[in-house]
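Chemist: Quick one: this structure, given as structure tokens, is what I'll be asking you about.
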Amino acid sequence: MHQDGQFDRFAKSHDAVFDQVHGTSAFFPFHRRFVLEFENIGRQIDPDFVVPYWDSTRDYRRPADSPILRGGTLGGNGQGPDACVSDGIQGGWVVSFPNRHCLQRSFNQGNSIMPWIPAEVISSFVQGDDDLAGFREHIEFSIHGAVHLGLGGDASTPFAPNDFFFYMHHANIDRLWWLWQNGQNTPFKYNGPGAFGEARLDDPIPQDHTVELGHGSVKSVMVLGYNDICYSYDSAPAPPNDYPGGSNTKSANTTFAELPIFSGSSVAAGNPLELARIRKALNEQHMLRDYFPRSALLGPPTREEIAEPSDVSRCECLKKKARILYPARMSESWIRMHGFNAERVEQLYQEACRLIDLLNNGTYISPY
Ligand SMILES: [Cu+2]
């Protein structure tokens, strides 16, 4: 795909619509359709090609040590005066948008990367936000920016699709949106500023046609497994027996009237141990309930949900309790490049830090 110039095309196309699809609610639907198109093109070469998602919260503490950033995968930091990526599947790549240059990566802390966003903060967004506009701000200002900025080089520019990390990162952002959608009473929540004024479900997906994204509206990409959006995530619950077309059969002609009913009751994020420990902490710290409303509804965890260590090892483990780290702030130039409201960004950053303080000051022990 690199030799075919696909990365150049995707970088150019992303750059062309940059202002419409960042800082607006079109952020989620555009990137869903965009990453899928990349996958579709890959499948013309290898029918089994998929873009895996990169759950970057697992690496939040020491991102540069991520297995994704090793020689056998995406490779590490750029090398030499031009910070050229020199190992991994993209080692030695030259890309041509916006001009001919080696693919660059330049970690934001020398040879390491400043901490990303703890999973607990993301779980809180997925559980607590009840409109799309608020959820989009939370995700775009936190985990989305942190990974782009942490890697640096091409990754921190509007032509970030030059680097394969972009697709894996946005697949994860898409997965978080999907997790959030699953916890709402309808998957069609769409409000706030859109690409063309107030966000509306019948808005077209912004595109410059360097990469053809079809004629679908925002509404047509809202539900995985319908219309052109033929994929799901591994954590997807089994579909009900009467699900049109069954679990893996893609039903392009299904109408929205046939959609399964989304229950609002599922807890939609995190690993089981994280969620069980959050439920345990909620009993002791009532202030946490505002951050994890869905966990609060479920009550304290059962014994089986928390694999209780023996008393001795529990003491050890409390002694070793690793504090959850504050995430790095987005840089000023990044905030300016996206036209974000700097005060709003800071307000949400402080909110995340307050949650981290609450968790650190209580009995909660992060599994990450
Ligand atoms: Cu983007």
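Just so it is clear: in the sequence shown, position 95 is 95 by UniProt numbering, and no numbers are missing. Even glycine gets a Cβ: it sits at the ideal position worked out from N, Cα and C. Quick caveat, the model's predicted, so the values are computed rather than measured.
#1: Helix or strand or just coil, what does DSSP make of Glu-351?
#2: Please specify which runs of the alpha helix (DSSP H), each continuous and at least 4 residues long, are wholly inside the stretch 5 to 61, giving them in chain order.
#3: Using 8 Å as the cut-off, classify the Cβ of Ala-160 as near or not near the heavy atoms of ligand 1, replying yes or no.
#4: Does Ala-257 come out as helix, strand or coil in the three-state DSSP assignment?
#5: Where do the N-terminal and C-terminal ends of the alpha helix (DSSP H) with Leu-201 fall, by residue?
#6: In chain order, what residues of the same chain have a beta carbon less than 6 Å from the beta carbon of Gly-192, not counting five sequence neighbours either side?
#7: What residue does the alpha helix (DSSP H) around Met-337 start on, and which one ends it?
#8: Alpha carbon to alpha carbon, how far is Ile-45 from Ser-123?
#9: Return the chain-ordered list of same chain residues with a C-beta closer than 8 Å to the C-beta of Ile-278, the five sequence neighbours on each side being excluded.
#10: Please work out which residues of its chain come closer than 7 Å, Cβ to Cβ, to Ala-83, disregarding the five sequence neighbours upstream and downstream, and give them in chain order.
#11: Would you please state the rounded distance, in angstroms, between the beta carbons of Ser-86 and Asp-8? I believe it to be under 8 Å.
#12: Would you mind sorting Val-51 into buried or exposed? The rule is 16 or more other CB atoms within 10 Å of its CB.
#13: Which of the three DSSP states, helix, strand or coil, is assigned to Ile-139?
#14: Pop quiz: Asp-59 and Trp-116 are said to be a contact at Cβ under 8 Å. What is the actual Cβ separation, rounded to whole angstroms?
#15: Looking at the structure shown, is Gln-90 part of a helix, part of a strand, or coil, going by DSSP?
#16: In the DSSP assignment, find the alpha helix (DSSP H) that holds Asn-172 and state where it starts and stops.
#17: Just the Cα atoms here: how many angstroms apart are Asn-361 and Leu-282?
#18: Pick from Phe-18, Gln-285, Ile-306: whose alpha carbon is nearest that of Asp-357?
#19: With distances taken between CB atoms, is the gap from Phe-159 to Ala-11 smaller than 9 Å?
#20: Measure the alpha-carbon distance for Leu-36 versus Val-211 and round it to whole angstroms.
#21: I believe Arg-136 touches Phe-49 by the beta-carbon criterion, under 8 Å. Please report the beta-carbon distance rounded to the nearest angstrom.
#22: Please name the residue, chosen from Glu-305, Val-221, Phe-166, Arg-303, that lies closest to Gln-181 on a Cα-to-Cα basis.
#23: Would you say His-22 touches ligand 3, meaning its beta carbon is less than 8 Å from a heavy atom?
#24: Of all the CB atoms in chain B, is at least one closer than 9 Å to the CB of Gln-44?
#25: Please name the residue or residues paired with Ile-229 in a DSSP beta bridge.
#26: Would Pro-118 and Thr-186 be called neighbours here (beta carbons separated by less than 9 Å)?
#27: Sort Asp-15, Phe-165, Ile-143, Pro-98 by Cα distance to Gly-76 and report the nearest one.
#28: Assign Gln-3 to one of two classes, buried (16 or more other C-beta atoms within 10 Å of its C-beta) or exposed (fewer than that).
#29: For a test of your reading of the model: does the CB of His-170 fall under 8 Å from any non-hydrogen atom of ligand 1? Yes or no.
#30: Thinking C-alpha only, which one of Ser-333, Arg-62, Gly-72 is nearest Met-114?
#31: My guess is that Arg-323 and Tyr-349 are in contact by the Cβ rule of under 8 Å, so how many angstroms apart are they, rounded?
#32: With distances taken from CA atoms, which of Trp-54, Gly-92, Gly-42, Tyr-53 is nearest Met-1?
#33: When you compare each of Arg-354, Asp-290, Tyr-231, Tyr-368 to Asp-130 by their alpha carbons, which one comes out closest?
#34: Between which two residues does the alpha helix (DSSP H) containing His-144 stretch?
#35: With H, G and I counted as helix, E and B as strand and the rest as coil, what does DSSP make of Ser-217?
#36: Quick one: residues in its chain with C-beta nearer than 6 Å to the C-beta of Lys-189, no 5 flanking neighbours on either side, listed in chain order?
Modeler: Reading from the atomic positions:
#1: Along the sequence shown, read from residue 1 onward, the residue named residue 351 stands at position 351. If DSSP states are grouped into helix, strand and coil, Glu-351 belongs with the helices.
#2: 6 to 16, 18 to 21, 27 to 45
#3: Position 160 of the sequence shown holds residue 160. Ala-160 Cβ: within cutoff of ligand 1.
#4: Your numbering for residue 257 matches position 257 in the sequence shown. The predicted model places Ala-257 with a pLDDT of 36, which falls under 50 and marks its position as unreliable; any figure quoted below should be read in that light. Looking at Ala-257 - three-state DSSP - the assignment turns out to be helix.
#5: Looking up residue 201 in the sequence shown gives position 201. Counting along the chain, Leu-201 falls outside any alpha helix (DSSP H), and DSSP gives it neither H nor E.
#6: Here residue 192 refers to the residue found at position 192 when the sequence shown is read from its first residue. Result list for Gly-192: Ser-25, Ala-133, Ala-199, in chain order.
#7: Taking the sequence shown and counting its residues from 1, one reaches residue 337 at position 337. Counting along the chain, the alpha helix (DSSP H) containing Met-337 begins and ends at 332 to 338.
#8: Against the sequence shown, residue 45 aligns to sequence position 45. Against the sequence shown, residue 123 aligns to sequence position 123. Going from the Cα of Ile-45 to the Cα of Ser-123 covers about 37 Å.
#9: What you label residue 278 is simply residue 278 of the sequence shown in a count that begins at 1. The answer, listed in chain order, is Glu-120, Ser-123, Gly-270, Leu-288, Phe-292, Ser-295, Tyr-364.
#10: Counting from 1 along the sequence shown, the entry for residue 83 is found at position 83. For Ala-83, where only same-chain residues beyond five positions count, the Cβ hits under 7 Å are Gln-104, Arg-105, Ser-106, Gly-153.
#11: The sequence position of residue 86 within the sequence shown is 86, counting from 1. The sequence position of residue 8 within the sequence shown is 8, counting from 1. In fact, because the Cβ distance is near 20 Å, the residues do not count as touching under 8 Å.
#12: For this step, residue 51 is matched to residue 51 along the sequence shown. The residue is buried, with at least 16 neighbouring Cβ atoms inside 10 Å.
#13: Against the sequence shown, residue 139 aligns to sequence position 139. Note: Ile-139 maps to helix in three-state DSSP.
#14: For the purposes of this step, residue 59 is taken as the residue at position 59 of the sequence shown. For the purposes of this step, residue 116 is taken as the residue at position 116 of the sequence shown. Indeed, because the Cβ distance is near 7 Å, the residues count as touching under 8 Å.
#15: Within the sequence shown, residue 90 is the residue found at index 90, counting from 1. Note: Gln-90 maps to coil in three-state DSSP.
#16: Counting from one through the sequence shown, the residue named residue 172 turns up at place 172. Start and end: 165 to 182.
#17: In the sequence shown, residue 361 corresponds to position 361, counting from 1. In the sequence shown, residue 282 corresponds to position 282, counting from 1. Spanning the two alpha carbons is a distance of roughly 13 Å.
#18: By one-based count along the sequence shown, residue 357 stands at place 357. The shortest Cα separation from Asp-357 among Phe-18, Gln-285, Ile-306 belongs to Gln-285.
#19: Your numbering for residue 159 matches position 159 in the sequence shown. Your numbering for residue 11 matches position 11 in the sequence shown. Yes, the pair counts as a contact, with Cβ atoms nearer than the cut-off.
#20: Translated into the one-based positions of the sequence shown, residue 36 becomes position 36. Translated into the one-based positions of the sequence shown, residue 211 becomes position 211. Going from the Cα of Leu-36 to the Cα of Val-211 covers about 11 Å.
#21: By one-based count along the sequence shown, residue 136 stands at place 136. By one-based count along the sequence shown, residue 49 stands at place 49. Not confirmed; about 29 Å, so no contact.
#22: Walking along the sequence shown from the start, residue 181 turns up at place 181. Ranking Glu-305, Val-221, Phe-166, Arg-303 by Cα distance to Gln-181 puts Val-221 first.
#23: Looking at this structure, you won't find ligand 3 anywhere; what it does contain is ligand 1.
#24: The question asks about chain B, but that chain is absent: this structure has only one protein chain.
#25: Numbered from its first residue, the sequence shown carries residue 229 at position 229. The partner list for Ile-229 (beta bridge, DSSP) reads Tyr-226.
#26: For the purposes of this step, residue 118 is taken as the residue at position 118 of the sequence shown. For the purposes of this step, residue 186 is taken as the residue at position 186 of the sequence shown. No. Outside cutoff.
#27: The residue you call residue 76 lines up with position 76 of the sequence shown. Per the Cα distances, Phe-165.
#28: Counted from its first residue, the sequence shown places residue 3 at position 3. By the neighbour-count rule (16 or more Cβ atoms within 10 Å), Gln-3 is not buried but exposed.
#29: On the sequence shown, position 170 is the one that residue 170 refers to. Because some heavy atom of ligand 1 lies under 8 Å away, the Cβ of His-170 counts as near it: yes.
#30: Taking the first residue of the sequence shown as position 1, residue 114 is located at position 114. Of the candidates Ser-333, Arg-62, Gly-72, the one whose C-alpha sits nearest the C-alpha of Met-114 is Arg-62.
#31: Looking up residue 323 in the sequence shown gives position 323. Looking up residue 349 in the sequence shown gives position 349. Going by Cβ atoms, the distance from Arg-323 to Tyr-349 rounds to 18 Å, so no, they are not a contact pair.
#32: To locate residue 1, count along the sequence shown from 1; it is residue 1. Per the Cα distances, Gly-42.
#33: One-based indexing of the sequence shown puts residue 130 at position 130. Comparing Cα-Cα distances from Asp-130 to each of Arg-354, Asp-290, Tyr-231, Tyr-368, the minimum goes to Asp-290.
#34: Taking the first residue of the sequence shown as position 1, residue 144 is located at position 144. Premise fails: His-144 is in no alpha helix (DSSP H) and is neither H nor E.
#35: Within the sequence shown, residue 217 is the residue found at index 217, counting from 1. Three-state result, Ser-217: strand.
#36: Counting from one through the sequence shown, the residue named residue 189 turns up at place 189. Excluding residues within five positions, the ones whose Cβ falls inside 6 Å are Leu-132.
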